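Here the structure comes first, spelled out in structure tokens, and everything after it is commentary.
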Amino acid sequence: MKQFQLGEFEEVVLLTVGILHGNAYGVTIRDEIETRLSRKVSVGALQTTLRRLEKKGFLESNHGDSSQSRGGRPKLFFTLTAEGKKALDYVKESRNQLWGALPEAIINLSFS
Amino acid sequence: MSSPTPPKFILRFLKWFCKPEYHLDIEGDLLEFYERNVEELGRRKANLRLYKDVFLLFRPSMMRSISFGVPHLQLSLLANYFKVSWRSIMSQKQYSFFNVAGLVFGITCFILVSIFVSHERSFDRFYENVDNIYHVYEYEYAEEAYLGSEYYAVTPAQMASALMADYPEVEYATTLTEDYALLTHENRDPWYEKGLFTDSTFFKVFSHPKFNEGSAETAFLNLRSIILTQSLADKMFPSSGAMGQTLTYKDEPYLVTGVVMDPPLNSTFQFSFIANLQDDERYLSEFKKERWDGSNYYTFFSMNPSADPESLEQKLPEVIEKYWTTDGTFHFDYLIQPFAAHHFNSNTNNDLGKKGSMQQIILFLTVSILILILAGINYVNLSIARSMIRIREVGIRKSFGAGRRQLVFQFLLESELLAVMAFVVSLVIAKILLPYFGMSLDRELTFNLFNNFSLLLMLFGIILLLGLAAGIYPAWVISSASTTQIIKGRSQDNTQGKGTQQWLVIFQYSVSIAMVICTIIIYQQFQFISNKELGFEQDQILTLEVRDMDILRNYNTIKAELLANPDIIGVGTSQNLPHDVRSGTTVNDDEGGDPGDDLSIYRLRADHDFIDIYQLEVVAGRSLPEIPVKGKNLECLINESAAEALGFSPQEAIGQILTDDTPPSQYRTIIGVVKDFHQHGLHLEISPMLVEYRPFFEYISVKANSQDIPGLIEYMDKTIKKHSEYPVNFRFMDDRVNQLYAGEQKKASLFSGLSLLTIIIATLGLYGLAALNAHQKVKEIGIRKVLGASISSILIFTSGNFLKLIAGGFLISIPIAWYAMQQWLENYAYRIDINWLTFALVGLGAMLIALLTVGSQSIKAAIVNPVDCIRD
């Protein structure tokens with residue numbers, strides 16, 4: 001079995017890149033996570049994770065055109081690779097499997 | 001859109017630590033956040049966020065690996081740089097040629113001068129204890145300095161022993177002198193060689209020369225012993241060793257008791273043999289005198305390293321009171337001079353060895369460094385100009401991701417490569433030119449890659465620095481071009497580079513024009529000197545320096561034999577020749593008169609025939625008698641200056657009596673006054689002089705009137721050889737006079753060579769610039785032509801700016817050249833006035849050369865069919 005283990009934040013990032021589909025770069029990814037999950041993301045953590053995912057082969061990156069804004073710096077766009085998709089599938093499947101195994105009593109349990 | 005600018009330092013910090021491959025886009029993200037944050041939250045909060053983000057990025061996974069020097073410099077890349085540099089050099093052969101040629105000129109000249117300077121500075125430095133060796137010399141207060149100097153290198157014969165006895169800080173003191181002597185061995189031709197006459201203490205003061213055979217302790221145990229240098233020993237005794245052999249010297253057998261190494265070229269003492277001074281009669285007779293009364297020998301001593309030379313010098317005048325013959329007043333002092341400084345102290349009369357001049361060294365160094373700078377400027381200028389052409393290459397490199405540092409490195413490598421190429425070529429050329437260069441400086445210079453390794457290393461270092469200095473600015477300018485501008489095809493209008501370029505051209509031309517002006521003024525001065533009448537006949541006069549007593553003894557026979565030849569009109573004798581009167585004395589026209597009235601006067605000792613041969617004009621009274629008067633009362637002539645100094649008109653001077661104030665007193669009756677002539681060339685003014693007869697002489701002068709001079713010389717040689725074993729070498733009087741200025745003339749021609757070099761380099765640079773300028777403006781010129789511009793208006797348009805620069809350089813050069821030449825001409829008592837026409841002509845000439853250089857390029861551009869150039 002291939003290694004598809006993802007950390008929680010890795011999973012979030014990977015999913016967000018997928019969500020942004022073609023418009024995923026540092027700024028949009030951070031915004032997306034922050035708005036959707038309302039949690040603070042530091043650029044350092046995000047970048048480290050992005051590079052790690054790229055190294056694992058789950059993400060690909062391409063430089064975009066440089067524009068007058070951003071001090072003329074190019075954007076680095078990230079896209080999911082087939083491996084990345086598989087990894088997400090694997091994570092989702094394994095979660096579903098686990099969810100499926102959860103007893104009814106627990107599902108209905110509410111902690112108020 | 002005005003984008004807010006974040007604090008620079010934080011981005012620099014990011015750039016510093018961040019992996020370069022991550023840096024750009026992360027910075028972009030940060031800037032995007034920043035822009036948004038400024039709009040939403042204000043500048044202060046945006047800054048805080050940015051700091052926080054950057055500090056949180058400061059983590060190992062983001063950091064670059066630690067590297068030194070040029071980043072990403074891999075070997076293959078380096079090889080590629082070399083390849084590209086080489087191609088770039090080769091692709092523009094003309095440009096590279098101008099660059100390398102200029103550099104080669106500059107570097108060659110710098111190498112030559114460096115070899116010369118290091119030779120001069122090494123003079124006498126090879127003695128182990130050189131810092132403790134001193135030379136005693138004399139300072140004489142005189143109203144009129146003898147031959148232009150008040151210092152004398154000689155001391156009494158007893159000085160060395162007095163120093164040893166009276167001053168404990170003196171370790172060893174030695175006496176020495178130099179002279180030529182005739183050495184014979186068996187029946188072979190005699191050797192006429194220069195010898196050093198000294199005592200065995202010499203080897204205690206000086207650690208050189210080292211003995212190859214024999215030893216310093218034993219060499220002079222016997223009076224009749226002589227030490228030969230290795231080269232003379234090999235010449236005289238080629239088969240058997242010299243050691244223990246006998247040779248004939250002063251008609252007596254002498255035993256060779258030592259063989260020493262030849263003195264090196266950078267030694268003050270130059271000799272072929274060393275003879276024992278204790279065996280010299282003249283020395284002994286002086287040495288035996290209880291009171292000192294004459295200075296004829298050189299005294300050197302080694303001092304205790306812990307002693308203070310200054311306090312010793314202050315005590316030295318004691319010896320004058322203690323030992324000198326007294327007449328109550330002394331007008332001289334003894335001083336000491338470190339032997340290490342001996343070579344550069346050229347202002348002392350009768351001094352030993354070849355003299356160097358710090359001034360000259362500084363002059364040549366300055367000129368050669370200037371030339372090097374000019375060549376470097378060419379490089380800078382051409383590179384900047386060419387950057388317009390290479391800008392496309394830079395653009396492509398940049399768009400492929402070349403960083404600025406890589407570009408700078410590549411351009412630097414290229415300039416270093418050129419410099420090293422030029423260095424290698426220059427070494428070869430310098431090696432070939434060195435002997436000629438040495439000749440014009442009166443030095444035998446050698447350069448050996450291994451012996452002069454440190455010099456070579458230093459030169460190489462300087463060359464690398466030159467490459468760096470010449471390359472850094474163009475590299476900077478070229479690599480700073482903005483990528484987008486280049487890609488858009490807009491040729492960069494580099495006004496800053498242009499400004500620098502123009503200043504550099506002005507500098508080049510001010511230097512080279514100043515040097516050319518100086519050269520011409522120097523030439524004019526020499527022209528003036530060689531055309532100036534010295535006041536005595538020089539034509540068809542042959543002179544012989546006499547060192548053989550046999551000639552003196554048989555002089556009357558020799559004279560008669562010479563005069564037997566119908567081509568010989570006159571034969572005369574003298575102690576000095578009229579262009580170089582060295583002897584002097586002090587006289588008073590009133591016996592026992594006030595010593596304040598004493599007149600320092602040069603003394604020419606000559607005979608009746610001498611006056612006739614040199615056609616010295618007697619303006620009052622009569623010439624020296626054919627048969628000289630004998631006894632205590634001498635007859636003498638004086639020159640007009642002497643008559644004036646004594647306060648007489650020429651007529652009044654006749655019959656006056658001059659007395660010598662040093663005992664034994666001599667009385668001279670003035671019988672005639674001769675017209676003034678230049679008795680020391682034109683460096684010194686005409687001074688008072690007396691002419692008197694003396695039986696001893698050092699020169700024979702022969703006046704000839706012959707069509708067949710070589711035949712005559714052969715006849716004279718044969719005649720003299722009958723009476724003397726010494727080599728006979730008749731020399732023309734006019735040659736001797738020219739010899740007075742030969743040293744300076746050679747240096748002047750060297751200087752003119754250098755100034756020619758500067759003008760060539762400046763022209764090369766200008767040519768290159770003009771070529772590139774025309775190349776760049778080819779389209780503009782085409783369009784102007786289409787619109788109806790004439791060729792002449794195009795010429796003015798392309799050349800006008802260059803001419804302005806040269807005019808600027810010319811203006812700067814005028815005061816510099818004028819000042820330098822005023823200083824130089826001070827050396828001459830008889831000198832030309834600086835003519836403003838010279839300046840105007842040189843300025844005009846420079847303009848003309850520049851016009852031709854620039855014009856040839858402009859015309860090339862101007863006559864091209866506009867269709868051809870606009871179409872591209």
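If you read the protein sequences in the order shown, they are chains S and A. Using our numbering, you'd call the opening residue of the first sequence number 1 and step up by one each time. Using our numbering, you'd call the opening residue of the second sequence number 1 and step up by one each time. We put the beta carbon where it would ideally sit given N, CA and C, even for glycine. The structure presented is a predicted model; accordingly, all values stated were derived computationally and were not measured.
- [ ] Would you list the one or two residues that DSSP bridges to A:P695?
- [x] Paired residues: none, contrary to the question.
Open item on the list: Measuring straight from C-alpha to C-alpha, what distance separates S:N96 and S:L102?
Closed with: Each residue's alpha carbon lies about 10 angstroms from the other.
Open item on the list: I'd like to check one pair, A:A160 with A:T325: are the Cβ atoms closer than 8 angstroms?
Closed with: The criterion of a C-beta distance shorter than 8 angstroms is not satisfied by A:T325 and A:A160.
Task: Chain-ordered chain D contacts of S:V13 [CB-CB under 9 angstroms] - done: No chain D is part of this structure, whose protein chains are labelled S and A.
Open item on the list: Check this for me: beta carbons of A:I638 and A:L690, under 8 angstroms apart or not?
Closed with: Closer than 8 angstroms, so yes.
Open item on the list: Please state whether the Cβ-Cβ distance between A:L103 and A:A422 is less than 8 angstroms.
Closed with: For the 8 angstroms CB-CB criterion, A:L103 and A:A422 form a contact.
Open item on the list: Along the chain, where does the alpha helix (DSSP H) containing S:A87 start, and where does it finish?
Closed with: A82 to G100 is the span of the alpha helix (DSSP H), which, as asked, contains S:A87.
Open item on the list: Tell me the residue span of the beta strand (DSSP E) that contains A:R282.
Closed with: From DSSP, A:R282 is part of no beta strand (DSSP E) but of the alpha helix (DSSP H) over E281 to K288.
Task: Contact with chain S by A:Y22, beta-carbon distance below 8 angstroms - done: Judged by the 8 angstroms Cβ criterion, A:Y22 is in contact with chain S.
TODO: Quick one: which unbroken beta strand (DSSP E) runs of 3-plus residues sit fully inside the region 558-636 of chain A? Chain order, please.
DONE: Taken in chain order, the complete beta strand (DSSP E) segments of 3 residues or longer contained in the region 558-636 of chain A are 568-574, 584-588, 599-605 and 618-621.
Open item on the list: I'd like to check one pair, S:L37 with S:V13: are the Cβ atoms closer than 8 angstroms?
Closed with: Contact flag unset, no.
Task: At least three beta-carbon pairs within less than 8 angstroms, the region 198-209 of chain A to the region 113-128 of chain A - done: Flag = yes, the region 198-209 of chain A and the region 113-128 of chain A touch.
- [ ] Can you give me the Cβ contacts of A:I875 inside the same chain, cut-off strictly under 7 angstroms, excluding the 5 residues immediately before and after it?
- [x] A query on residue 875 of chain A cannot be resolved here, the shown segment of chain A reaching from 1 to 872 and no further.
TODO: Find the residues of chain A that neighbour S:Y25, judging by a C-beta separation of less than 8 angstroms, and give them in chain order.
DONE: Neighbours of S:Y25 on chain A, chain order: D25 and D29.
Open item on the list: Short of 6 angstroms in beta carbon distance, which residues of its chain neighbour S:K75, apart from the five on each side in sequence? Order them along the chain.
Closed with: So the qualifying residues of the chain are Y25 and G64.
Open item on the list: Given this structure, state the Cα-to-Cα distance separating A:F98 from A:E35, to the nearest angstrom.
Closed with: Near 52 angstroms, if we compare the C-alpha coordinates of A:E35 and A:F98.
TODO: Determine the direct distance from the alpha carbon of A:S687 to that of A:L147, and round the result to whole angstroms.
DONE: About 10 angstroms.
Task: Cβ distance (whole Å) where A:L413 is taken to contact A:Y81 below 8 angstroms - done: With a beta-carbon spacing of about 5 angstroms, A:L413 and A:Y81 fall inside the 8 angstroms limit used to define contacts.
Open item on the list: If distances are taken between C-alpha atoms only, which option among A:R43, A:Y22, A:L24 and A:Q527 comes closest to A:P6?
Closed with: Minimum Cα-Cα distance from A:P6 among the listed residues A:R43, A:Y22, A:L24 and A:Q527 corresponds to A:R43.
- [ ] Could you tell me whether any Cβ in chain S is nearer than 8 angstroms to the Cβ of A:D53?
- [x] Yes - at least one Cβ of chain S is within 8 angstroms of the one on A:D53.
TODO: Would you decide whether A:Q679 is buried or exposed? Buried here means 16 or more other CB atoms lie within 10 Å of its CB.
DONE: Using a 10 angstroms sphere on the CB of A:Q679, the tally of other CB atoms reaches 16 or more, which defines it as buried.
Open item on the list: I need the straight-line Cα distance from S:K92 to S:E34, nearest angstrom please.
Closed with: One C-alpha to the other measures close to 22 angstroms.
Open item on the list: One question on the structure: do A:G806 and A:A861 come within less than 8 angstroms of each other, judged by their Cβ atoms?
Closed with: Per the sequence shown, the amino acid found at residue 806 of chain A is Ile instead of Gly. It is not a contact, given that the beta carbons lie outside the stated cut-off.
Task: Helix, strand or coil at A:T325 according to DSSP, with G and I counted as helix - done: In the structure shown, A:T325 sits in coil (DSSP, three-state: anything other than H, G, I, E or B).
Task: Closest Cα partner of A:P190 within the set A:L433, A:H119, A:D868 and A:Y249 - done: The shortest C-alpha separation from A:P190 is found at A:Y249.
TODO: Report the neighbours of S:P103 on chain A: residues whose CB is nearer than 7 angstroms to its CB, in chain order.
DONE: Counting only Cβ-Cβ distances below 7 angstroms, S:P103 has no contacts in chain A at all, with the closest Cβ about 41 angstroms away.
- [ ] Kindly confirm or deny that the region 843-858 of chain A and the region 530-542 of chain A touch, where touching means at least three C-beta pairs closer than 8 angstroms.
- [x] Using a C-beta cut-off of 8 angstroms, the region 843-858 of chain A makes no contact with the region 530-542 of chain A, since fewer than three inter-stretch Cβ pairs fall below that distance.
TODO: Identify whether A:Q492 lies in helix, strand or coil by the three-state DSSP scheme.
DONE: Bear in mind that the predicted position of A:Q492 carries a pLDDT of just 48, short of 50, making it unreliable; the figure below should be weighed with that in mind. In the structure shown, A:Q492 sits in coil (DSSP, three-state: anything other than H, G, I, E or B).
Open item on the list: Quick check: what's the CA-CA separation for A:P710 versus A:D567?
Closed with: Going from the Cα of A:P710 to the Cα of A:D567 covers about 12 angstroms.
Task: Contacts that S:V17 makes with chain A (C-beta to C-beta distance below 7 angstroms) - done: Within chain A, no C-beta atom comes less than 7 angstroms from the C-beta of S:V17; the nearest is roughly 14 angstroms away.
TODO: Could you check how far apart the C-beta atoms of S:L88 and S:L15 are, in whole angstroms? I think they sit under 8 angstroms.
DONE: Contact flag correct, Cβ pair sits at about 7 angstroms.
Task: Supposed contact pair A:V154 and A:Y297 - C-beta distance, whole angstroms, cut 8 angstroms - done: Their Cβ separation, rounded to whole angstroms, is 6 angstroms, which keeps A:Y297 and A:V154 in contact under 8 angstroms.
- [ ] Whole angstroms is fine: what's the gap from A:W503's alpha carbon to A:L30's?
- [x] Their backbone Cα atoms lie some 44 angstroms apart in a straight line.
TODO: Answer with buried or exposed for A:Q527, where buried requires no fewer than 16 other C-beta atoms within 10 angstroms of its C-beta.
DONE: Residue environment for A:Q527: exposed (fewer than 16 other C-beta atoms within 10 angstroms of its C-beta).
Open item on the list: With three or more beta-carbon pairs closer than 8 angstroms as the criterion, would you say the region 112-123 of chain A touches the region 431-449 of chain A?
Closed with: Contact between the region 112-123 of chain A and the region 431-449 of chain A is present: three or more C-beta pairs spanning the two stretches fall below 8 angstroms.
- [ ] Specify, as a first and last residue, the run of the alpha helix (DSSP H) that A:W476 falls within.
- [x] A:W476 -> alpha helix (DSSP H) spans F453 to S479.
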